[in-house]
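Asker: Chains as they are written, first to last, in our numbering: chain A, 1 to 297; chain B, 1 to 297. Heads up, the beta-carbon is just placed ideally off N, CA and C, and yes, glycines get one too.
Protein chains: 2
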Amino acid sequence: MSGEFDFIAHVRTQQHIAGPVVLAAGDDLAILKLFELDATLVGIDQVLDGVHFDSSIHPPELIGRKAMNRNLSDIAAMAALPTAALVSLALPAGTTLDYAKRLYAGLKDAGNAFDCAIVGGDTGTWASASTGRLAVTVVILGRSAGVTPVRRSGARVDDHVYVTGPLGGSIAGRHLTFVPRIREARALATRYKITSMIDLSDGLSRDLAHLCIESGVGAVIDASLVPIHIDAVAMKGRSPIERALSDGEDYELCFTGEPGIAEAICVGRVIAGDGVWIETDGRREPMMAKAFEHAIG
Amino acid sequence: MSGEFDFIAHVRTQQHIAGPVVLAAGDDLAILKLFELDATLVGIDQVLDGVHFDSSIHPPELIGRKAMNRNLSDIAAMAALPTAALVSLALPAGTTLDYAKRLYAGLKDAGNAFDCAIVGGDTGTWASASTGRLAVTVVILGRSAGVTPVRRSGARVDDHVYVTGPLGGSIAGRHLTFVPRIREARALATRYKITSMIDLSDGLSRDLAHLCIESGVGAVIDASLVPIHIDAVAMKGRSPIERALSDGEDYELCFTGEPGIAEAICVGRVIAGDGVWIETDGRREPMMAKAFEHAIG
Numbered sequence: 001m002s003g004e005f006d007f008i009a010h011v012r013t014q015q016h017i018a019g020p021v022v023l024a025a026g027d028d029l030a031i032l033k034l035f036e037l038d039a040t041l042v043g044i045d046q047v048l049d050g051v052h053f054d055s056s057i058h059p060p061e062l063i064g065r066k067a068m069n070r071n072l073s074d075i076a077a078m079a080a081l082p083t084a085a086l087v088s089l090a091l092p093a094g095t096t097l098d099y100a101k102r103l104y105a106g107l108k109d110a111g112n113a114f115d116c117a118i119v120g121g122d123t124g125t126w127a128s129a130s131t132g133r134l135a136v137t138v139v140i141l142g143r144s145a146g147v148t149p150v151r152r153s154g155a156r157v158d159d160h161v162y163v164t165g166p167l168g169g170s171i172a173g174r175h176l177t178f179v180p181r182i183r184e185a186r187a188l189a190t191r192y193k194i195t196s197m198i199d200l201s202d203g204l205s206r207d208l209a210h211l212c213i214e215s216g217v218g219a220v221i222d223a224s225l226v227p228i229h230i231d232a233v234a235m236k237g238r239s240p241i242e243r244a245l246s247d248g249e250d251y252e253l254c255f256t257g258e259p260g261i262a263e264a265i266c267v268g269r270v271i272a273g274d275g276v277w278i279e280t281d282g283r284r285e286p287m288m289a290k291a292f293e294h295a296i297g
Numbered sequence: 001m002s003g004e005f006d007f008i009a010h011v012r013t014q015q016h017i018a019g020p021v022v023l024a025a026g027d028d029l030a031i032l033k034l035f036e037l038d039a040t041l042v043g044i045d046q047v048l049d050g051v052h053f054d055s056s057i058h059p060p061e062l063i064g065r066k067a068m069n070r071n072l073s074d075i076a077a078m079a080a081l082p083t084a085a086l087v088s089l090a091l092p093a094g095t096t097l098d099y100a101k102r103l104y105a106g107l108k109d110a111g112n113a114f115d116c117a118i119v120g121g122d123t124g125t126w127a128s129a130s131t132g133r134l135a136v137t138v139v140i141l142g143r144s145a146g147v148t149p150v151r152r153s154g155a156r157v158d159d160h161v162y163v164t165g166p167l168g169g170s171i172a173g174r175h176l177t178f179v180p181r182i183r184e185a186r187a188l189a190t191r192y193k194i195t196s197m198i199d200l201s202d203g204l205s206r207d208l209a210h211l212c213i214e215s216g217v218g219a220v221i222d223a224s225l226v227p228i229h230i231d232a233v234a235m236k237g238r239s240p241i242e243r244a245l246s247d248g249e250d251y252e253l254c255f256t257g258e259p260g261i262a263e264a265i266c267v268g269r270v271i272a273g274d275g276v277w278i279e280t281d282g283r284r285e286p287m288m289a290k291a292f293e294h295a296i297g
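#1: Please decide whether Met288/A counts as near chain B, where near means a Cβ-Cβ distance under 8 Å.
#2: What does a CB cutoff of less than 6 Å around Val42/A pick up in its chain, not counting 5 residues either side in sequence?
#3: What does Val22/A touch in chain B if you count any residue whose Cβ is under 7 Å from its own?
#4: Should Lys31/B be flagged as near chain A, meaning a C-beta pair shorter than 8 Å?
#5: Run through the DSSP bridge pairs and tell me what Phe7/B is partnered with.
#6: Helix, strand or coil for Ile57/A per DSSP?
#7: Quick check on DSSP: helix, strand or coil for Asp247/A?
#8: Tell me where the beta strand (DSSP E) around Gly142/B begins and ends.
#9: Within the stretch 60-131 of chain B, note down every full beta strand (DSSP E) run reaching 3 residues or more, in order along the chain.
#10: What does the Cβ neighbour count give for Leu37/A, buried or exposed, with the cut at 16 atoms within 10 Å?
#11: Using 8 Å as the limit for Cβ to Cβ distance, is Met235/A near chain B?
#12: In chain B, which residues lie with their C-beta within 7 Å of the C-beta of Asp207/A?
#13: Mind checking Gly120/A: buried by the 16 CB within 10 Å criterion, or exposed?
#14: Less than 8 Å between the beta carbons of Val21/A and Ala117/A, yes or no?
#15: Leaving out the 5 sequence neighbours to the left and right, which residues in its chain are closer than 7 Å to Ser88/A when beta-carbon positions are compared?
#16: Buried or exposed for Ala234/B, going by 16 or more other Cβ atoms inside 10 Å?
#17: Does the beta-carbon distance from Arg151/A to Thr83/A come in below 8 Å?
#18: Where DSSP assigns a beta bridge to Pro286/B, which residues make up the other side?
#19: Taking only the alpha-carbon atoms, compute the straight-line gap between Ile296/B and Ser205/B and give it to the nearest angstrom.
#20: Less than 8 Å between CB atoms is the rule here; does Ala77/B satisfy it with respect to chain A?
#21: Listing by chain order, which chain B residues have their CB less than 7 Å from the CB of Val139/A?
#22: Would Asp158/B be called buried (16 or more neighbouring beta carbons within 10 Å of its own) or exposed?
#23: By the three-class DSSP mapping on this structure, what secondary structure does Thr148/B have?
#24: Within a Cβ cutoff of 7 Å, which residues of the same chain sit near Met287/B, ignoring the five residues on either side of it in sequence?
#25: I need the straight-line Cα distance from Glu285/A to Glu242/A, nearest angstrom please.
#26: Please state whether DSSP places Cys44/B in a helix, a strand or coil.
#27: Pop quiz: Ala226/A and Leu86/B are said to be a contact at Cβ under 8 Å. What is the actual Cβ separation, rounded to whole angstroms?
#28: Which residues in chain B have a C-beta closer than 9 Å to the C-beta of Thr131/A? List them in chain order.
#29: Output, in sequence order along the chain, the residues in the stretch 226-254 of chain A whose CB is closer than 8 Å to any CB in chain B.
#30: Taking Ile305/A as part of the beta strand (DSSP E), name the residues at either end of that continuous run.
Laid out in structure tokens, this is it:
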């Protein structure tokens with residue numbers, strides 16, 4: 001970027017000292033004073049041009065929003081609250097100051113929606129416009145704030161399996177505009193016994209498999225219970241149920257817990273053994289096979 | 001990378017639960033239990049192929065080492081101790097599992113040298129080998145551990161200005177192999193009144209200017225006191241003193257504090273007003289002009 005120092009100066013005007021932030025961007029490191037009773041959660045996630053977004057189509061505000069919200073979705077997946085974020089930008093040579101500001105505005109606004117300030121960062125520019133593409137990396141810090149973090153490893157046989165919303169077809173636009181399910185996760189974990197949880201980034205079939213592997217159990221999904229998003233119905237190619245099982249980037253939560261949780265959609269249950277299965281009209285088959293029927297057929 | 005899941009499986013075998021780490025990589029987020037009396041420090045820093053290293057020349061172990069050590073150098077610059085790190089890799093298409101493992105080994109070994117475990121991360125692969133280059137992003141978490149973090153903003157008139165070692169010519173190799181000055185910073189801040197500090201990544205002329213601007217003071221450097229690294233003497237082009245003032249990537253510390261600190265090298269003093277000046281044979285001129293004499297001449 002031509003005006004890298006201008007951008008850093010701009011970013012510094014956007015900082016505010018609040019909550020746990022003692023010192024925000026501008027020194028070697030940010031300083032936080034964290035609440036002593038909390039567990040601290042931390043993660044990092046990047047979005048890459050041509051992989052997670054397409055800078056030739058998507059406006060920078062939405063790219064920034066997605067980068068921040070993917071991290072906030074990880075906070076949701078553990079039923080935590082966000083504390084602060086840091087952002088690292090790798091900009092193509094020739095990026096304008098205006099573009100960088102719009103990208104940052106998307107990041108900041110998404111964080112602000114959940115009281116998550118950006119407290120630090122790093123900006124670099126690739127040496128050549130032809131070989132370096134935009135990468136946006138976000139670090140998220142979170143806090144348990146009175147709710148024990150929900151891991152992937154606690155699912156037990158006979159738990160029910162739930163999702164928080166309809167699935168599939170997010171590529172039509174929701175992968176950029178989703179809202180992290182932080183409030184939903186906090187409400188669920190406060191009211192009910194939630195035994196394991198993950199956010200649906202890779203698709204129900206793969207992400208539920210993660211929960212099962214970490215928990216040492218299996219799961220069976222009832223195809224008739226899977227909520228299919230209207231976006232998946234409208235799209236060509238694979239069937240709506242296949243899209244709901246495997247499209248990914250829904251950023252709804254998938255969790256296991258006690259039966260009878262009315263605030264989420266029950267889609268199946270935890271079983272002994274391993275593997276993730278789907279039942280359609282009483283016939284049980286491996287869910288990955290169903291999800292990728294067309295891809296491998 | 002062809003074996004991304006293999007790499008993640010490898011990384012998980014490298015994790016260990018120790019100190020503040022409650023849950024390391026493998027869930028949505030890592031969980032830390034931080035010591036309640038500490039301030040928490042956090043920063044992020046990336047290295048980009050073609051900017052901070054050259055993957056066609058430098059082995060991946062040294063690239064990983066540099067990425068981690070730049071962050072540990074930020075910890076040193078605040079006289080803190082590292083708590084944990086997270087790593088995000090953006091890999092060119094076609095990166096081999098072996099290459100990724102070597103990169104990670106460099107990161108891990110550098111962290112281990114300062115008891116800084118890697119507790120989480122993210123790995124992505126660019127869609128096209130021709131347009132996505134290697135980026136290594138490291139997040140560092142630190143703790144004050146009984147020493148008030150030294151900011152950039154505390155320099156006072158009549159403080160002396162110090163550096164911790166000889167400067168210039170790091171491009172000959174030291175920019176990859178330096179050792180973060182964490183132990184030196186802790187020893188100095190424990191024994192003496194250190195008023196401001198920064199690590200020398202951009203070169204003495206620019207980094208000292210950062211300290212002065214943040215502190216609202218000026219500084220004057222005595223050219224005869226600046227320690228010049230043998231690497232800067234051996235190199236062609238600019239003069240050794242110019243290299244010592246402006247080459248950057250020394251990763252020594254520059255700090256201000258009370259007179260008479262024998263464990264560091266006094267190079268000048270803090271003055272009222274603003275600007276960073278250099279005195280050579282009694283003649284005072286702006287240090288940036290001296291540093292860039294040839295570049296702008």
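Answerer: Taking the definition as stated:
#1: In the first sequence, residue 288/A corresponds to position 288, counting from 1. No - not a single Cβ of chain B is within 8 Å of the one on Met288/A.
#2: Along the first sequence, read from residue 1 onward, the residue named residue 42/A stands at position 42. Cβ neighbours of Val42/A beyond the five flanking positions: Leu141.
#3: Counting from one through the first sequence, the residue named residue 22/A turns up at place 22. For the C-beta of Val22/A, the chain B residues within less than 7 Å are, from N- to C-terminus, Ala39.
#4: Here residue 31/B refers to the residue found at position 31 when the second sequence is read from its first residue. Going by the sequence as given, residue 31/B is Ile instead of Lys. Interface with chain A (8 Å Cβ-Cβ cutoff): Ile31/B is included.
#5: Numbered from its first residue, the second sequence carries residue 7/B at position 7. According to DSSP, residue pairing for Phe7/B in a beta bridge does not occur.
#6: Locating residue 57/A in the first sequence gives position 57, counting from the first residue. Under the three-state reduction of DSSP output, Ile57/A falls in the coil class, being neither helix nor strand.
#7: Taking the first sequence and counting its residues from 1, one reaches residue 247/A at position 247. In the structure shown, Asp247/A sits in coil (DSSP, three-state: anything other than H, G, I, E or B).
#8: Residue numbering aside, residue 142/B sits at position 142 when the second sequence is read from its first letter. Under the DSSP assignment, Gly142/B falls in the beta strand (DSSP E) whose first and last residues are 135-143.
#9: Runs found: 81-91, 117-125.
#10: As a first step, residue 37/A is located in the first sequence; it is residue number 37 there, counting from the start. Around the beta-carbon of Leu37/A, fewer than 16 other beta-carbon atoms lie within 10 Å, marking it exposed.
#11: As a first step, residue 235/A must be located in the first sequence, where it is residue number 235. No, Met235/A does not count as interfacial toward chain B.
#12: Residue 207/A sits at position 207 when you count from the first residue of the first sequence. In chain order: nothing, as chain B lies at least about 10 Å away.
#13: Position 120 of the first sequence, counting from 1, holds the residue named residue 120/A. Buried, because 16 or more other Cβ atoms sit within 10 Å of the Cβ of Gly120/A.
#14: Against the first sequence, residue 21/A aligns to sequence position 21. Against the first sequence, residue 117/A aligns to sequence position 117. Yes. Within cutoff.
#15: Position 88 of the first sequence holds residue 88/A. Scanning its chain for C-beta atoms nearer than 7 Å, with the 5 sequence neighbours on each side dropped, one finds around Ser88/A the residues Gly121, Asp122, Thr137, in chain order.
#16: As a first step, residue 234/B is located in the second sequence; it is residue number 234 there, counting from the start. Burial is judged here by how many other beta carbons sit within 10 angstroms of a residue's own beta carbon; Ala234/B has fewer than 16 and is exposed.
#17: As a position in the first sequence, residue 151/A is number 151, starting the count at 1. As a position in the first sequence, residue 83/A is number 83, starting the count at 1. It is not a contact, given that the beta carbons lie outside the stated cut-off.
#18: On the second sequence, position 286 is the one that residue 286/B refers to. Under DSSP, the beta-bridge partners assigned to Pro286/B are Trp277/B.
#19: To locate residue 296/B, count along the second sequence from 1; it is residue 296. To locate residue 205/B, count along the second sequence from 1; it is residue 205. Because the pLDDT at Ile296/B is just 32, under 50, the model does not fix this residue reliably, and the value given afterwards should be weighed accordingly. If I take the Cα positions, the gap works out to 15 Å.
#20: On the second sequence, residue 77/B is found 77 positions in, with the first residue counted as 1. For Ala77/B, at least one C-beta of chain A is nearer than 8 Å to its own C-beta.
#21: Along the first sequence, read from residue 1 onward, the residue named residue 139/A stands at position 139. Neighbours of Val139/A on chain B, chain order: Ile44, Leu86, Val139.
#22: Taking the second sequence and counting its residues from 1, one reaches residue 158/B at position 158. Asp158/B should be labelled exposed.
#23: For this step, residue 148/B is matched to residue 148 along the second sequence. Three-state result, Thr148/B: coil.
#24: As a first step, residue 287/B is located in the second sequence; it is residue number 287 there, counting from the start. Within the same chain, Cβ atoms closer than 7 Å to the Cβ of Met287/B are found at Ser205, Ile221, Leu245, Val276, Trp277, Ile278, the five residues on either side in sequence being excluded.
#25: In the first sequence, the residue the question calls residue 285/A occupies position 285. In the first sequence, the residue the question calls residue 242/A occupies position 242. Approximately 13 Å between the Cα atoms of the pair.
#26: The sequence position of residue 44/B within the second sequence is 44, counting from 1. Sequence inspection shows Ile at residue 44/B; the Cys mentioned does not correspond to that position. In the structure shown, the three-state DSSP call for Ile44/B is strand.
#27: Residue 226/A sits at position 226 when you count from the first residue of the first sequence. Residue 86/B sits at position 86 when you count from the first residue of the second sequence. One point to set straight first is that residue 226/A is Val, not Ala, in the sequence displayed. About 34 Å; that fails the 8 Å criterion.
#28: The residue given as residue 131/A occupies position 131 in the first sequence. Residues of chain B passing the Cβ test: Asp49, Gly50, Ser130, Thr131, Gly132, Arg133.
#29: The stretch 226-254 of chain A vs chain B, Cβ under 8 Å: nothing.
#30: Residue numbering for chain A in the displayed model covers 1 to 297; residue 305/A lies beyond these limits and cannot be assessed.
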